[in-house]
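Take a look at the structure set out below.
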Amino acid sequence: MCRERQQGRIAILLKLMASYRELLQQVRSEIEEISATEARALGDGALLLDVREREEWDEGHLPGATHVPRGSLESRIELVTRDRSASLVVYCAAGNRSAFAAKTLEELGYTDVRSLAGGFTDWKRNGFPVAVSQTLEPSQRGRYSRHLLIPEVGEEGQLKLLDSRILLIGAGGLGSPASLYLAAAGVGRLGIVDEDVVDASNLQRQIVHSTESLGKPKVASAKAALEALNPDVTVVPYEERLTSETIERILADGWDVIVDGSDNFPTRYLVNDASVWHGIPVVHGSIYRFEGQATVFKPNEGPCYRCLFPKPPPPELAPSCAEGGVLGVLPGIIGSLQANEALKLALGIGDPLVGRLLLFDALEARFTEVTLRRDPECPVCGEEPTITEYVDYVEFCANPRSPVA
Amino acid sequence: MTVVRIPPTLRAATRGEREVEAAGGTVRELLDDLVTRFPELHEQLYEEGDVAPFVNVYVAGEDVRTLEGLDTPVTGGVILLPAMAGGV
Chain A
1 MCRERQQGRI AILLKLMASY RELLQQVRSE IEEISATEAR ALGDGALLLD
51 VREREEWDEG HLPGATHVPR GSLESRIELV TRDRSASLVV YCAAGNRSAF
101 AAKTLEELGY TDVRSLAGGF TDWKRNGFPV AVSQTLEPSQ RGRYSRHLLI
151 PEVGEEGQLK LLDSRILLIG AGGLGSPASL YLAAAGVGRL GIVDEDVVDA
201 SNLQRQIVHS TESLGKPKVA SAKAALEALN PDVTVVPYEE RLTSETIERI
251 LADGWDVIVD GSDNFPTRYL VNDASVWHGI PVVHGSIYRF EGQATVFKPN
301 EGPCYRCLFP KPPPPELAPS CAEGGVLGVL PGIIGSLQAN EALKLALGIG
351 DPLVGRLLLF DALEARFTEV TLRRDPECPV CGEEPTITEY VDYVEFCANP
401 RSPVA
Chain B
406 MTVVRIPPTL RAATRGEREV EAAGGTVREL LDDLVTRFPE LHEQLYEEGD
456 VAPFVNVYVA GEDVRTLEGL DTPVTGGVIL LPAMAGGV
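Top line first, the protein sequences correspond to chains A and B.
Under our numbering, the first residue of the first sequence is numbered 1, with each subsequent residue one higher.
Under our numbering, the first residue of the second sequence is numbered 406, with each subsequent residue one higher.
See below:
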């Protein structure tokens with residue numbers, strides 16, 4: 001008797017619990033669906049979310065789609081968009097998982113969500129374009145695992161870094177830590193411009209070189225160290241002085257970001273003018289004794305070096321590092337800040353130091369920030385530029401009081 | 406009195422002082438006061454009667470060139486910042 005009653009209760013419970021089919025049907029009736037043809041017609045008008053598993057995504061996905069596996073949809077959707085009114089099209093393989101995902105997104109407050117009926121399968125059957133993403137190799141997943149764990153970087157960001165090309169001006173105090181961190185981070189291509197050889201007096205701070213590189217070209221020494229640190233990185237050495245003649249050829253090799261760690265004014269102004277004309281952001285750093293500064297000059301978005309300092313100081317008022325000295329760790333701090341900014345620019349994340357100059361005092365252990373603004377009268381990036389081609393930078397810096405080009 | 410931050414490249418002119426106090430309601434008055442006490446600063450700060458193009462003067466974090474130049478009222482701490490090129 002008792003047993004019969006128990007069985008009866010189970011039967012009622014089973015009746016109350018919907019089957020997967022029933023639940024799916026119910027959810028599909030509560031959400032909006034869109035056909036492959038309609039989805040394609042939307043073009044860039046909607047954000048495409050692929051909620052399938054990684055292996056499925058790797059084999060092919062809708063061009064321009066963002067991969068957010070169903071399992072982490074709730075926690076990661078805000079990283080994709082916080083805009084609750086954004087137009088979203090969710091898809092999976094056949095339109096079932098995406099129906100549940102669409103329902104979840106609606107529960108999270110997203111108001112314009114559609115599920116792609118028939119999913120990726122139907123999309124392919126229509127002969128619509130499919131993108132196959134690059135993926136990291138297993139060894140790279142291990143090497144970059146601490147990047148992969150950060151949502152703002154992740155696999156997509158790491159692939160971006162591996163595709164990035166960053167040019168370092170100087171393999172000295174600033175270039176050493178900057179290049180080491182950029183190489184370790186997996187920036188795929190690092191160009192280094194430096195005409196010097198490694199000198200004993202460099203080793204107190206230029207940590208990319210070592211005692212056994214004494215007398216060798218800095219670019220060769222740096223290339224060996226960086227490629228040993230990370231074989232994913234190709235170092236392009238330019239063992240030459242940067243001049244108005246050489247810079248065009250070097251920039252023609254294609255660089256996304258320039259890290260300026262040069263040690264003289266002619267090079268600073270030359271790099272600035274070239275970067276404005278080529279539209280390449282420059283991560284600027286400079287150091288003296290216990291103090292350093294860093295900023296980002298991003299053409300069209302913020303000021304350039306000439307907005308900051310229209311003219312260089314006369315040589316007698318501008319002691320070089322060689323005369324002034326520098327605490328060994330200081331370029332480590334400023335060069336690392338430059339690497340940080342370069343990585344942010346390459347990844348397209350965060351607030352770069354555009355329009356802000358960060359000053360660091362090692363003795364006080366204090367950072368100060370001042371505002372930099374574009375100068376509408378800047379001779380290079382202003383409204384009516386008066387310098388539109390390379391000038392004689394050595395002459396310009398030797399005679400700062402003379403009229404400029 | 407306003408605290409003026411002296412950058413390392415100008416400290417020879419201020420007997421090694423990293424910060425000095427100066428008086429003045431405008432940047433012009435404040436710099437005049439500085440230069441009177443530290444005459445060697447003159448050629449480091451001025452060119453043709455204006456702030457030299459290779460040095461920036463910040464008042465409360467803003468470049469006086471983007472404000473009212475030498476007539477900018479001194480509303481906060483002052484930082485003198487000449488161009489530095491060192492990277493090696």
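For each residue, glycine too, the CB sits at the ideal point set by N, CA and C.
My guess is that residue i and residue j are in contact by the Cβ rule of under 8 Å, so how many angstroms apart are they, rounded?
i      : j      : result
A:I287 : A:L167 : That pair is no contact at about 20 Å.
A:G186 : A:V130 : Incorrect: roughly 27 Å between the Cβ atoms, too far for contact.
A:D260 : A:H284 : 5 Å
B:V432 : B:V408 : Going by Cβ atoms, the distance from B:V432 to B:V408 rounds to 14 Å, so no, they are not a contact pair.
A:K103 : A:I31  : 6 Å
A:V193 : A:L242 : 5 Å
B:L435 : B:L485 : Rounded, the Cβ-Cβ distance is 10 Å, inconsistent with contact.
A:A339 : A:Y144 : Going by Cβ atoms, the distance from A:A339 to A:Y144 rounds to 16 Å, so no, they are not a contact pair.
A:G335 : A:G191 : Actually they are not in contact, since the Cβ atoms of A:G335 and A:G191 sit about 16 Å apart, beyond 8 Å.
A:L330 : A:F265 : So it is not a contact: roughly 20 Å between Cβ atoms.
A:V51  : A:P69  : 6 Å
A:R36  : A:D122 : Sequence check: residue 36 of chain A is Ala here, not Arg. The Cβ separation is near 5 Å, so the contact holds.
A:Y305 : A:F396 : 13 Å between Cβ atoms; not a contact.
Consult DSSP for residue i and reduce its assignment to one of helix, strand or coil.
i      : result
A:I150 : coil
B:G482 : coil
A:V404 : Unreliable placement is indicated for A:V404, whose pLDDT of 38 sits below 50; the coordinate value is still reported in the next sentence. Coil.
B:G420 : One point to set straight first is that residue 420 of chain B is Arg, not Gly, in the sequence displayed. DSSP places B:R420 in coil when its eight states are reduced to three.
A:F297 : strand
A:G261 : coil
A:R165 : strand
A:S179 : helix
A:T246 : helix
A:S85  : coil
A:L49  : strand
A:P385 : coil
A:Y91  : strand
A:P217 : strand
A:L308 : helix
B:D468 : strand
A:A39  : helix
A:R9   : helix
A:L353 : coil
A:S210 : coil
Between which two residues does the beta strand (DSSP E) harbouring residue i extend?
i      : result
A:V276 : Counting along the chain, A:V276 falls outside any beta strand (DSSP E), though it belongs to the alpha helix (DSSP H) covering F265 to H278.
A:T234 : T234 to Y238
A:Y110 : Unbroken run through A:Y110: none, as it is neither H nor E.
B:V460 : V460 to V464
Would you list the residues sitting across from residue i in a DSSP beta bridge?
i      : result
A:E369 : A:L358
B:D455 : B:E452
A:G292 : A:I287 and A:F360
B:A427 : B:T407
A:I192 : A:L168 and A:P237
A:T66  : A:L49
A:A222 : Paired residues: none, contrary to the question.
B:P487 : B:V460
A:L116 : A:I34
A:V197 : A:P217
A:V132 : Answer is none; A:V132 lacks a bridge partner.
A:V282 : A:I258 and A:F297
A:V326 : A:R289
Could you check where the alpha helix (DSSP H) with residue i kicks off and where it finishes?
i      : result
A:N340 : L330 to L347
B:V432 : V432 to R442
A:V80  : L73 to V80
A:S139 : P138 to R143
A:G466 : Residue 466 of chain A falls outside the range modelled here, since chain A spans only 1 to 405, and no answer is possible.
A:S29  : Y20 to E30
A:W451 : In the structure displayed, chain A extends from 1 to 405; residue 451 of chain A sits before or after that span and is not available.
A:C397 : Y393 to A398
Is the closest heavy atom of the ligand ADP to the C-beta of residue i under 7 Å?
i     : result
A:L47 : With respect to the ligand ADP, the structure shown offers nothing to examine, as it has no ligands at all.
- [ ] Count the C-beta pairs between the stretch 341-357 of chain A and the stretch 156-175 of chain A that are closer than 8 Å, then say yes if the count reaches three, no if not.
- [x] yes
Open item on the list: Below 8 Å, how does it come out for the stretch 296-312 of chain A and the stretch 360-368 of chain A: are there three or more Cβ pairs, yes or no?
Closed with: no
Task: Three-pair Cβ contact test at 8 Å for the stretch 383-396 of chain A versus the stretch 322-331 of chain A - done: no
- [ ] Determine contact between the stretch 62-78 of chain A and the stretch 101-116 of chain A, defined as no fewer than three beta-carbon pairs at a distance below 8 Å.
- [x] yes
Open item on the list: Against chain E, which members of the stretch 261-278 of chain A pass a CB distance test of less than 7 Å?
Closed with: In the structure shown, chain E does not exist; the protein chains are A and B.
Open item on the list: Can you confirm whether the stretch 441-459 of chain B touches the stretch 226-238 of chain A when touching is taken to mean that 3 or more C-beta pairs between the two stretches lie within less than 8 Å?
Closed with: no
Open item on the list: Check whether the stretch 239-253 of chain A and the stretch 368-377 of chain A touch, using three or more Cβ-Cβ pairs below 8 Å as the test.
Closed with: no
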